[in-house]
Amino acid sequence: MVRAFWSMEGNTPFLCVGSVDCFVRIFDARDGSLYKELGNGADEILDMVLLGSNPLRIMTAGSGGVIRIFDLSRL
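Okay, here's the thing in structure tokens:
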């Protein structure tokens with residue numbers, strides 16, 4: 619695990635976990651169930667943040683030098 623954070627935005631509170639296994643996992647914070655698994659290509663996730671301007675967007679920095687933005691409102 620590289621980074622984990624909570625978000626209470628939207629309809630469902632969630633726990634977001636980024637890992638060096640190239641995935642961001644979104645868990646339902648109410649019961650811990652896996653909600654969604656997002657692939658970061660073949661890049662290990664080196665860092666991850668919630669965007670302050672839109673807390674339903676996650677930005678990841680990968681080992682291949684690629685920045686990705688995931689929009690949780692579209693899941």
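According to my numbering, numbering within the sequence shown proceeds without interruption in unit steps and concludes at 693. Note that CB positions come from ideal geometry on N, CA and C, so glycine has one too. Here the structure is a predicted model, which means the values were calculated and not measured.
Per DSSP, reduced to three states, the secondary structure at S625 is strand. Measuring C-alpha to C-alpha distances from G659 to each of C640, V667, D646 and M626 identifies C640 as the nearest. By DSSP's assignment, G636 forms a beta bridge with R621 and V642.
For D649, the closest C-alpha among the options G682, P631, R621 and F623 is that of P631.
T678 is bridged by DSSP to M666 and R686.
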